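Since the structure comes first, as C-alpha cells, the remarks are kept for the end.
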Amino acid sequence: MLGGSKIVVGRSMLMLVGDNPFHSISHLSQARGRDRGDAISNADFAAGLVLSSMENGADGFMFSVSETTLSILETIRDTGRSENMRLYAIVPYAYEYVRLATQVGGISGLAKRMAKQVLFSMNFRAMAAGVRGVVKTDPVSLLKTYLFYEISRIRSSAPRQASLDSVLLHEIITEMALALNLDWLLKAYVDFMLKLGIKPGFETRNFAFLVRKFREWGMDFGKVVIATPFNKVGFQMNPSKGECEKALEEAAGSEVIAMSVLAAGYLKPQEAMDYIQVLRSLKGVVVGVSRESQARETFKLLEGSLKK
Amino acid sequence: MNSKNGDSRVRVAVIGLGKMGLLHASLLSAMPEARLCAVCDKSKLILRIARRIFRDVQVVDDIQKLADSGIDAAYVTTPIPSHYPIAKMLYSQKIAGNIFVEKTLATSYDDAKELCSLAKGFGGANMVGYMKRFSVTFGKAKDLLDNQVLGEVNSFEAYAYSSDFSDVEQGSQIGGARGGVLEDLGSHVVDVALWFFGDLQIGSAKLESVISAGSEDMASFNVKAPGGVEGHFDMSWCKKDYRMPEFGLVIHGSNGVINVDDDELQLEISKGQAGKWYRHDLGDNVRFLLGGPEYFREDECFIKSVLSKTNAEPSFLTASKVDYVIEQVRRNAGGK
Numbered sequence: 021m022l023g024g025s026k027i028v029v030g031r032s033m034l035m036l037v038g039d040n041p042f043h044s045i046s047h048l049s050q051a052r053g054r055d056r057g058d059a060i061s062n063a064d065f066a067a068g069l070v071l072s073s074m075e076n077g078a079d080g081f082m083f084s085v086s087e088t089t090l091s092i093l094e095t096i097r098d099t100g101r102s103e104n105m106r107l108y109a110i111v112p113y114a115y116e117y118v119r120l121a122t123q124v125g126g127i128s129g130l131a132k133r134m135a136k137q138v139l140f141s142m143n144f145r146a147m148a149a150g151v152r153g154v155v156k157t158d159p160v161s162l163l164k165t166y167l168f169y170e171i172s173r174i175r176s177s178a179p180r181q182a183s184l185d186s187v188l189l190h191e192i193i194t195e196m197a198l199a200l201n202l203d204w205l206l207k208a209y210v211d212f213m214l215k216l217g218i219k220p221g222f223e224t225r226n227f228a229f230l231v232r233k234f235r236e237w238g239m240d241f242g243k244v245v246i247a248t249p250f251n252k253v254g255f256q257m258n259p260s261k262g263e264c265e266k267a268l269e270e271a272a273g274s275e276v277i278a279m280s281v282l283a284a285g286y287l288k289p290q291e292a293m294d295y296i297q298v299l300r301s302l303k304g305v306v307v308g309v310s311r312e313s314q315a316r317e318t319f320k321l322l323e324g325s326l327k328k
Numbered sequence: 077m078n079s080k081n082g083d084s085r086v087r088v089a090v091i092g093l094g095k096m097g098l099l100h101a102s103l104l105s106a107m108p109e110a111r112l113c114a115v116c117d118k119s120k121l122i123l124r125i126a127r128r129i130f131r132d133v134q135v136v137d138d139i140q141k142l143a144d145s146g147i148d149a150a151y152v153t154t155p156i157p158s159h160y161p162i163a164k165m166l167y168s169q170k171i172a173g174n175i176f177v178e179k180t181l182a183t184s185y186d187d188a189k190e191l192c193s194l195a196k197g198f199g200g201a202n203m204v205g206y207m208k209r210f211s212v213t214f215g216k217a218k219d220l221l222d223n224q225v226l227g228e229v230n231s232f233e234a235y236a237y238s239s240d241f242s243d244v245e246q247g248s249q250i251g252g253a254r255g256g257v258l259e260d261l262g263s264h265v266v267d268v269a270l271w272f273f274g275d276l277q278i279g280s281a282k283l284e285s286v287i288s289a290g291s292e293d294m295a296s297f298n299v300k301a302p303g304g305v306e307g308h309f310d311m312s313w314c315k316k317d318y319r320m321p322e323f324g325l326v327i328h329g330s331n332g333v334i335n336v337d338d339d340e341l342q343l344e345i346s347k348g349q350a351g352k353w354y355r356h357d358l359g360d361n362v363r364f365l366l367g368g369p370e371y372f373r374e375d376e377c378f379i380k381s382v383l384s385k386t387n388a389e390p391s392f393l394t395a396s397k398v399d400y401v402i403e404q405v406r407r408n409a410g411g412k
C-alpha cells in the first residue's frame, strides 16, 4: 500500500538507491555520464540494479519523477519482487521541465503545456485544484494540482507493496523558495503532504541556509525529510562542510538523508562511509549505482557500516 | 545603498522573468548585500503569478514604471534582441546607473559599441553574464596560462555542445527566438577564449541549419589570436547525449596540453608535472547555490562592484568583443 512512513530505529540508517546514473548524470564529469551509454537508462537494466541493491541491503529507491524512472518502477512492479520497497520521489524532474521550457518558448509555454498534461491525465482532484489555481492565480492551488498529478503518476507505476514514504521538492524549487522567503508556500506544501499521509521533503544543496530559514519560520523539523550532500571533501556542501555539519546538529529530529556521499565517485566507498558514520544525526544515505557488481559491493559495505 | 533609511544594500530590479530572471532574482534575494525591490515582465500570466510570489517587491509591466523606484542596479534578463533597447532606455532615462545584461550584450557590434559609450558616460558598474569566467576549472586554466605553465601557446580547440534541439521537429522556429547557436551557446566559449588568448581574428567560418531553413544550429570557424595562436571553434545545440550544455577547450603549448571543461582540468606537461583537478579540488563552494556556483560568484562580483564603485568584469566593453566575433563569423560564413 502506498502512503505512510516507517520509523528509522536507532543507528540503523535508511539506505536508498539513487537514480542519477539512470539519467546518465555524473556530477564528477558530464563526459563520464555520457560514457555510461544508453544501456543504463534501459528500464530492465536499471530495475535489475535497484532490485540487486535491495537484495544487498538497500531499503528503497529515491528518484526524480520522469518517464525513465516511472518505467523502472513499472518493470520492478512486473517482477513481483518489490516487497517492502520504500519510495522517495523528487518532483519536479527539473531537467525535463527546463528542457521543455526551452523547446516550447519559455515559462508561459511551459505552463500551457503542463495544463494540457494535467487535463489529459484525467486526475479530477488535480483538475479541480488546477481550476482554482488558474482562476485565482493561486500558487498554493497550482502547487497542489501539480502534486496531485505527480503522485497519481507515481501510484499508477509503483509496485502495490511499495510504500511512498516521501515526496521531496526538487532542489531548484527548494532553493528558490528559501531565497525568496516563500515560507507560506512551503508551509502549505508541508500541511498538504501530511494530510495525504506522505512525509514532505526537501532536496537542497544549501543545507545550512535551509536550517536557518526553517528555524526562523518555525518549521517543525520532525515532520520533514531533507536530502542534502554530506561527504568527506565538502562537495556541494554550501557554504562549507563545517557549516553544514553544525546545521545538522541544529536540525536534530529531522530525517536528514545524505546525498553525494561518494562526492560523485571522487571518494572510495570505505573512506566515504568512515565520514558518514561519524555524523550521528544523519538518518539515511542515498547512493547511485551503475553496475551489478557495484550494487552488490556498495550496499554490502553500507549495510556493514550503517546498520550496526 | 542610497536609501534614506540607512539600508546599505544595493536595490536591484530584474527585468524579464524567464529562467535567467528567476535565477538572478533568487540569488540576489539570498545575498545580504542586495535587495530585490522590483521585477518587470510583459507577460500577463507571469505578472499575475509574480504578484502572488514576490511579496514586498514592486511588480511592473513597463520599465518606465521603475523610474521612481530608486533602484541602484538593473538586471536585464530578457530575450537577446531586447537587450540593446532596454539597456539604452535604462541609461537614457536614468532609471539605473549600474546594469547587468545577460549574454549576449546586443545582437550587433554597433549596438554593443553604443551601449559601451552610454555605460562609459554614465560611469556605473556594467557587466555581461558570461559566467564561465567564474567557473573554478576555467579559472584554474587561466592561472596556469598566466603563469606560462604551457610555455608558448600554439593552438587551441574550443567547443560548445548541447542537446537542447537534438530532437525537435523539423521546421520548428523555436531556436530562432533564442538567436541561434552562436549567441545562445557559443558566446560563452568565445568569451573564455578571448579571456585566455586576447582579441581574435576570424578566418574561415561555416554555419549550418538543422532545425529549419535559416536557423543557425551548428557553427565552426577558425581564428588567430595574438602571438600567432591558431584556434578552432565547434558549436552545436543539436548534439545527441549532451544532457547539460558543455563547454571546453584543449590548449596546446610548447610544454604540454591543457584540457579543460566545466567539470575538470587535465594538465599534461612534457617535462615534469602533470595534474588533474576536479571541481572538488578547487574550492567550489558558495554562500548560496542555485543553478551552478558560477552564477552566485558572478552576481556577487557585480554587486560588490556596485558597492565599491569599481569596474566589474566581463564589462560591456569586454563582452562587446564577443558580439564582434559573432558578427565576423556570420560575415565570413557568407551570412548577414
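Note that the protein sequences, when read in sequence, are chains X and U.
In terms of the numbering used here, the first sequence is numbered consecutively and its last residue is 328.
In terms of the numbering used here, the second sequence is numbered consecutively and its last residue is 412.
Where a beta carbon is used, it is the ideal one built from N, C-alpha and C, also for glycine.
All values derive from a computational prediction rather than experimental measurement.
- Per the coordinates, the alpha-carbon of C113(U) lies some 20 angstroms from the alpha-carbon of W204(X).
- Within chain X, no C-beta atom comes nearer than 7 angstroms to that of A89(U); the closest sits roughly 15 angstroms away.
- For V244(U), the secondary structure class from DSSP, reduced to helix, strand or coil, is coil.
- Distance between T224(X) and Y108(X), taken at the CA atoms: about 15 angstroms.
- Not a single C-beta of chain U is nearer than 8 angstroms to the C-beta of G273(X).
- Taking 8 angstroms as the CB threshold, A199(X) lines the interface with chain U.
- In the structure shown, Q297(X) adopts helical secondary structure according to DSSP, grouped into three states.
- Following the DSSP letters along the chain, one finds R111(U) inside the beta strand (DSSP E) bounded by residues 110-116.
- In this structure, the alpha-carbon of R406(U) lies about 21 angstroms from that of W271(U).
- When secondary structure is reduced to three states using DSSP, T153(U) falls in the coil class, being assigned neither helix nor strand.
- Within chain U, the C-beta atoms nearer than 7 angstroms to that of N226(X) come from F364, L365, in chain order.
- Any Cβ of chain U closer than 8 angstroms to the Cβ of T157(X) would place that residue at the interface, and such an atom is present.
- For the segment 271-303 of chain X, residues whose beta-carbon sits nearer than 7 angstroms to a beta-carbon of chain U comprise A283, Y286.
- Any Cβ of chain U closer than 8 angstroms to the Cβ of V111(X) would place that residue at the interface, and such an atom is absent.
- Within the DSSP secondary-structure output, I218(X) pairs in no beta bridge.
- With contact defined as three or more Cβ pairs closer than 8 angstroms, the segment 156-173 of chain X and the segment 72-81 of chain X are not in contact.
- Residue-level contact by beta carbon fails for R406(U) and chain X, as no gap is shorter than 8 angstroms.
- The three-state reading of DSSP puts R175(X) in helix, counting H, G and I together.
- Listed along chain U, no residue sits closer than 7 angstroms to M35(X) by beta-carbon distance, the nearest being about 24 angstroms off.
- Identification of residues in the segment 228-254 of chain X having a C-beta nearer than 7 angstroms to some C-beta of chain U yields F229, V253, G254, given in sequence order.
- Per DSSP, K385(U) lies in no beta strand (DSSP E) and is assigned neither H nor E.
- Below the 8 angstroms Cβ cutoff, chain U contributes N361, V362, R363, F364 as neighbours of P259(X), in chain order.
- Residue environment analysis places V37(X) among the buried positions, since at least 16 neighbouring C-beta atoms fall within 10 angstroms of its C-beta.
- Note: D310(U) is bridge-paired with Y235(U), S296(U) in the DSSP secondary-structure output.
- For M74(X), the nearest beta carbon of chain U is not closer than 8 angstroms to its own beta carbon.
- Residue environment analysis places S193(U) among the exposed positions, since fewer than 16 neighbouring C-beta atoms fall within 10 angstroms of its C-beta.
- Within chain U, the residues placing a beta-carbon under 7 angstroms from that of S44(X) are R319, ordered along the chain.
- Cβ proximity to chain U below 9 angstroms picks out L198, A199, L200, N201, L202, W204, L205 from the segment 198-222 of chain X.
- For L189(X), the beta-bridge partners assigned by DSSP are V111(X), F222(X).
- Following the DSSP letters along the chain, one finds E263(X) inside the alpha helix (DSSP H) bounded by residues 261-270.
- DSSP links Q134(U) through a beta bridge to A114(U).
- Using a Cβ-Cβ cut-off of 8 angstroms, Y169(X) does not count as an interface residue toward chain U, since no Cβ of chain U sits closer than that to its own.
- Using a CB distance cut-off of 8 angstroms, R111(U) does not count as an interface residue toward chain X.
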